[in-house]
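Numbering (the numbering used here), first residue to last: 239 to 414. The C-beta atom is built at its ideal place from N, Cα and C for all residues, glycine as well. Taking it in order: structure first as structure tokens, then the write-up.
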């Protein structure tokens, strides 16, 4: 088997385990935020043979790949290929990958909810966001949504008499 050969090992790269049995270009797609196009150009910028298996990479080549993925604009990868153009926070273009991609996505959704965008409200309500029809399909998905409590139909007991609250805190019975 190939996995038992000494040259084929699993690399830990960008907080992701990369399968050493696959070719380098396809093995890099295991990292969230890196697709085939970005992995292809990263391999070309690092002068890595595309027919090489990921387990055959040296430590220097892996470090080169991580450097190119983390700062692609310094290695002249065009900005239109990156997945984060003109970020809302800092206005910079970058490539988000692995945990950074998850964090950026979470921040974007929270910003949409805070600003009360239509998309953010639909995320908040737990219903379809991208314009799909919702009349007949997806009826059982709503239990994943956060329950929104209506203050007018709440089942919590309400305190009506403030003298009762003061008397109950003193330990005496307010009723004669």
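When DSSP states are grouped into helix, strand and coil, residue 256 belongs to the strand group. The continuous alpha helix (DSSP H) containing residue 363 extends over residues 356-363. It is roughly 34 angstroms from the alpha-carbon of residue 368 to the alpha-carbon of residue 281.
In this model, residue 247 and residue 255 are separated by some 10 angstroms (Cα to Cα). In this structure the region 319-328 does not lie against the region 291-309, because fewer than three pairs of beta carbons, one per stretch, are closer than 8 angstroms.
Between residue 333 and residue 322, the gap from beta carbon to beta carbon is short of 8 angstroms.
In the DSSP assignment, residue 273 forms no beta bridge with any residue.
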